[in-house]
Amino acid sequence: MSIAGSAPSSAGTGAEPVLLPRQRRGIVRWKGIIPLALILLAIVVVWLTMGEALLRNTIEEAATKFLGTEVDIAQLDVSLRDATVELRGVSIADPFDRMRNLVEADRVRGVLEGRPLLERKIILRTLVLGGMRTGTTRRTPSAPAPKNGFAAATLRSLDVWAARLRKPVASFTPIDTIRSIVLDPAQLATVKRALEAASRADSLQGALVASYRGLALEPVLDSARAVTTRLKGASPRALGIDGTRQAVADVRRTIAQVDSAKKRVEALARDAKTSVAIVDDELHALDDARRADYAFARSLLKLPSIEGPDLGGALFGDVSIDRFQKVMYWAEMAQKYVPPGLLPREKPGPQRLRMAGSTVSFPKAREYPDFLLKRGDIALAVGGRNAATGNYAATITNVTTMPALVREPTRFTLSRRSTAGVVASIDSRGVLDHVGGRIRDSLGVTASGVTLPSFPLPGLPIRANLGAGNSRIDVLRVGNRIAARWTMDAPDVAWQRTATSPTAAGAVRNQMEALALRVIEGVDDLNITADLTGDIAKPTLNVRSNLDQLLAERLRTVGGEELAKAEAKVRAQVDRIVDEKTAPIKAKADSLRAEGEQRVAEARARLDDEKQKLDDRLKALLSARGILGLPGTE
Amino acid sequence: MLALLKTLQSLIKELHSDGTPLQIALGAALGAALGLTPIANVHNAIVLALLLILNVSFGAGMLAWGLFVPLGFILDPVFDRVGHMLLMETPALTPLWTSWFNTPLVPYTNFNNTVVLGSVVGWLVLFIPIVLLVKFLVVRYRATYGERVRKSKFYRAVTASQAYNVYRWFSPE
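Protein chains in written order, with this note's numbering: chain A, 1 to 634; chain B, 1001 to 1173.
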């Protein structure tokens, strides 16, 4: 048998254990260095054979997660000696169109700084992109963004955001077919608010009555009457000194009770006034609700709007929103990945079999950020024979995840001077200023002589082929406020009739529609201006164009009178229902006002009357105080 | 099944190795790090190197790794909570983390991940208890069943295998 700390007896000998002197054991097992060296060698071999492939996959995965859209890299070369990374065949899918690439680059070469790598920070001294193409078609659709990822959530929220901005489709229903609508009172906002207001008036009235009862006036008045009656005809001589003193004290106490009751009455008067004011406010709010109900009832009729701004929003709202939606996506990305400030930042940990946990960054002033691209130069050549053909040059500086450390905003410029005889240019510049605590981003893109999009006009069997023209978008975001403008000028627009039904290409449904189409087809030069302003979560979109102004004028001339009649009819119907439902609330408000005023006036009068009598009694009693040697009134 | 047999073989060999109970216990405590903490991290490379070059039981380390892996998975939410508390909810430590994670090489430890930091702290806290417990169990085993097992045919079969010779390379001196 062996004991702890001793060498065990030899295996299988069966001999009795012998206590041996403790052997001297070294701390280090030198022969363990051999397998350690073998492991290190294996790591070097794996890096040399598979390192770049593993790194490529990691970069693809990280970039896909970062941008929220598929990023593919065909080849990666890393040179540790001069700290350069070269990517070949890079493509970034368009998050809004899975069959398109936003950007493709034949070669991306980055020169890294060495020391920050020791701190696990990527500082790119320069980045050069060559052989770039935009808007290329993919052979296979890109993988959708992970459903729970930030990008997918942003896309979803932007869809909701865009839906809120969309205007109803322009309607060109013939006015002569407008019929009376049957309004359900429950659908009207005024009726709902009137019912709520009636309930509020009831409860205020109940509260007023309860408060009046709570005044407890009767005991005070009874007490005052009793004192007055008791002292009626009593003189100080008859009462004597003590009796007079007692009587004066009683009168004074009762007067104090009356004064206290009067204060309660005044408080009730104020409450009654407030209650009446609340009900009056409710009545004013009913007027606003009534205006909303006019619009609602009008929408049931599907009357064609003849107001320019409405037509502009209905005809060109969608195409404007598409432009702004893309800008908003990248602005949200910038806000997420380039947050202002230097507080510790938490993000989900790496995916692994074990729980991912969360990884925290601890930025430190005057240190390297996690990522910084000091300067990137992009040479972009677009081939073919279209308006986009040409050479582009882009510069981007100070792209970082921690702008507070870099203390310089991210700036980028992109310009193109076209070749091949096409007079076209694109200029873009922008600043992402997240250095301070407040985000301040601005972007301006001007495109001249480029091919503008073609799109259908909602609600009409016609399509606008804008052809070559000019487009400009300017966006300014400060904190949570946005001001953006998109202008588009198509001097040679072509209109193409489309089918409203599979069998009838370009068929016109009614006279109004025919008129609208005639006006539209008469326009050669189309100018659109869309303004997006306000809180970034709930901005206001205002779209106007020369077409909607012209269309509005023509529609007003032709159908204005009929439309006015139809609107008057709708208003009358709303008024009938609303007046019927709001009459009781108005009566209740009047009754509340009258009841409050009456009760207060009555209480004041009764208390004043009793107080007057008490004052008279007190005066009579105190008139003899000199004779009887009573103290003063104080 | 094979893994189970290997584990059993490893256990028997360790218990009857030339190592002292303390060497076996230290090996087990170091091996626990591999099981308790997420494996692909720099600190585990250091632990593995220590298991190889320090005169502790390598086999006990490998055995402890296998035994502590399920425990690591189970305790992950606790480690996450501990890590979160240390990284995010203890303002007094923020300057320390800020200094550490802006120091060359330290960010590669991944100690700024809640689960990694929490599990490493958990392992360090458990290190001494594991050493004491394993040492106690080895002493008890050797004093009670050790000799009977050593004389059994099963033990002779295990020690006669070729793998045993390789294993002896890493057994404590």
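Virtual Cβ for every residue (Gly too), placed ideally from N, Cα, C.
Whole-number beta carbon distance between residue j and residue i, since they are thought to touch under 8 angstroms
i: residue 466 of chain A; j: residue 448 of chain A; result: About 14 angstroms separates the two Cβ atoms, so there is no contact after all.
i: residue 690 of chain A; j: residue 71 of chain A; result: In the structure displayed, chain A extends from 1 to 634; residue 690 of chain A sits before or after that span and is not available.
i: residue 335 of chain A; j: residue 439 of chain A; result: 6 angstroms
i: residue 337 of chain A; j: residue 158 of chain A; result: Wrong, their Cβ atoms sit about 16 angstroms apart, outside the cutoff.
i: residue 635 of chain A; j: residue 194 of chain A; result: Chain A is shown from 1 up to 634; residue 635 of chain A falls before or after that span and cannot be answered.
i: residue 261 of chain A; j: residue 614 of chain A; result: Not a contact, Cβ separation roughly 12 angstroms.
i: residue 292 of chain A; j: residue 189 of chain A; result: 5 angstroms
i: residue 1054 of chain B; j: residue 28 of chain A; result: 7 angstroms
i: residue 456 of chain A; j: residue 315 of chain A; result: In fact, because the Cβ distance is near 10 angstroms, the residues do not count as touching under 8 angstroms.
i: residue 413 of chain A; j: residue 428 of chain A; result: 7 angstroms
i: residue 1097 of chain B; j: residue 1113 of chain B; result: Not a contact, Cβ separation roughly 12 angstroms.
i: residue 644 of chain A; j: residue 209 of chain A; result: Nothing in the structure corresponds to residue 644 of chain A, since chain A is present only between 1 and 634.
i: residue 573 of chain A; j: residue 297 of chain A; result: 7 angstroms
i: residue 493 of chain A; j: residue 523 of chain A; result: 7 angstroms
i: residue 247 of chain A; j: residue 234 of chain A; result: 7 angstroms
i: residue 1060 of chain B; j: residue 1028 of chain B; result: 4 angstroms
Contacts around residue i, its chain only, beta-carbon distance under 6 angstroms, and the 5 residues preceding and following it disregarded
i: residue 21 of chain A; result: Bear in mind that the predicted position of residue 21 of chain A carries a pLDDT of just 47, short of 50, making it unreliable; the figure below should be weighed with that in mind. Nothing listed; no residue qualifies.
i: residue 264 of chain A; result: 215
i: residue 470 of chain A; result: 448 and 489
i: residue 656 of chain A; result: What is shown of chain A runs 1 to 634, which leaves residue 656 of chain A out entirely.
i: residue 1020 of chain B; result: none
i: residue 682 of chain A; result: The structure shown does not extend to residue 682 of chain A, since chain A spans only 1 to 634, so no value can be given for it.
i: residue 1119 of chain B; result: 1036, 1037 and 1079
i: residue 521 of chain A; result: 495
i: residue 288 of chain A; result: none
i: residue 1072 of chain B; result: 1035 and 1036
i: residue 487 of chain A; result: 472 and 529
i: residue 60 of chain A; result: 71 and 73
i: residue 445 of chain A; result: 428 and 473
Contacting residues, own chain, Cβ-Cβ under 7 angstroms from residue i (five flanking each side not counted)
i: residue 617 of chain A; result: 228, 231 and 251
i: residue 633 of chain A; result: Low confidence applies to residue 633 of chain A: its pLDDT is 45, below 50, so where it sits in the model is not reliable enough to give any reading.
i: residue 1026 of chain B; result: 1056 and 1131
i: residue 177 of chain A; result: Because residue 177 of chain A sits at a pLDDT of 47, beneath the cut-off of 50, its placement in the model cannot be relied upon, and the following sentence gives the value as read from the coordinates. For residue 177 of chain A, where only same-chain residues beyond five positions count, there are no Cβ hits under 7 angstroms.
i: residue 368 of chain A; result: 116, 119, 121 and 123
Contacts around residue i, its chain only, beta-carbon distance under 8 angstroms, and the 5 residues preceding and following it disregarded
i: residue 278 of chain A; result: 200 and 204
i: residue 1155 of chain B; result: 1012, 1016 and 1149
i: residue 1153 of chain B; result: none
i: residue 326 of chain A; result: 96
i: residue 435 of chain A; result: 340, 403, 404, 406, 407, 408 and 409
Give me the subset of the region 1077-1089 of chain B whose CB atoms are less than 8 angstroms from a CB atom of chain A, sorted by chain position. Residues passing the 8 angstroms Cβ filter: 1077, 1079, 1080, 1083, 1084, 1087 and 1088.
I'd like the ranges of any alpha helix (DSSP H) spanning at least 4 consecutive residues and lying wholly in the region 533-585 of chain A. Listed in chain order, the alpha helix (DSSP H) elements of length 4 or more contained wholly in the region 533-585 of chain A amount to none.
Residues, ordered as in the chain, of the region 1102-1119 of chain B that lie near chain A by beta-carbon distance below 9 angstroms: 1102, 1103, 1104, 1105, 1106, 1107, 1108, 1110, 1112, 1113, 1114, 1115, 1116, 1117, 1118 and 1119
For the region 351-364 of chain A, which residues have a CB atom closer than 9 angstroms to at least one CB atom of chain B, in sequence order? 352, 353, 354, 355, 356, 357, 358, 359, 360, 361, 362, 363 and 364
At a Cβ cut of 7 angstroms, what residues of the region 30-54 of chain A count as close to chain B, listed as they run along the chain? For chain B, the residues of the region 30-54 of chain A that bring a beta carbon within less than 7 angstroms of one of its beta carbons are 31, 32, 33, 35 and 36, in chain order.
Residues within the region 106-128 of chain A neighbouring chain B, beta-carbon criterion of under 7 angstroms: Within the region 106-128 of chain A, the residues whose Cβ lies closer than 7 angstroms to some Cβ of chain B are 118, 119 and 120, listed in chain order.
At least 3 beta-carbon pairs within less than 8 angstroms: the region 198-215 of chain A vs the region 273-285 of chain A: Yes, since at least three Cβ pairs between the region 198-215 of chain A and the region 273-285 of chain A fall closer than 8 angstroms, the two stretches touch.
When Cβ atoms are compared, which residues of the region 93-104 of chain A fall closer than 9 angstroms to chain B? none
At which residue ranges does the region 115-154 of chain A contain complete beta strand (DSSP E) runs of 3 or more residues, listed in the order of the chain? 122-137
May I ask you to verify whether the region 398-408 of chain A touches the region 367-380 of chain A, counting CB pairs closer than 8 angstroms and requiring at least 3? yes
Three or more C-beta pairs below 8 angstroms linking the region 1045-1056 of chain B and the region 1075-1095 of chain B: no
Is the region 1093-1106 of chain B close to the region 1135-1154 of chain B, with three or more CB pairs under 8 angstroms? Touching, no, given that fewer than three Cβ pairs across the two stretches are closer than 8 angstroms.
How about the region 47-59 of chain A and the region 113-129 of chain A: do they share at least three Cβ pairs that are nearer than 8 angstroms? no
Evaluate contact between the region 56-66 of chain A and the region 37-46 of chain A, counting only Cβ atoms and requiring at least three cross-stretch pairs below 8 angstroms. no
Which parts of the region 1018-1052 of chain B are runs of the alpha helix (DSSP H), unbroken and 4 residues or longer, counting only runs that do not cross its ends? 1021-1036
Using a Cβ-Cβ cut-off of less than 7 angstroms, give me the residues of the region 1045-1061 of chain B that come near chain A, in sequence order. 1049, 1052, 1053, 1054 and 1055
Below 7 angstroms between beta carbons is the criterion; list the residues of the region 579-602 of chain A that meet it against any residue of chain B, in chain order. none
With three or more beta-carbon pairs closer than 8 angstroms as the criterion, would you say the region 97-105 of chain A touches the region 132-139 of chain A? Put simply, the region 97-105 of chain A touches the region 132-139 of chain A. At least three CB pairs are less than 8 angstroms apart.
Quick check for students: name the residue ranges of the alpha helix (DSSP H) that lie wholly in the region 68-109 of chain A, counting only runs of 4 or more. none
Quick check for students: name the residue ranges of the beta strand (DSSP E) that lie wholly in the region 346-373 of chain A, counting only runs of 3 or more. 358-361
Proximal residues, the region 1031-1042 of chain B versus chain A, C-beta separation under 9 angstroms: Correct list: 1037, 1038, 1039 and 1040.
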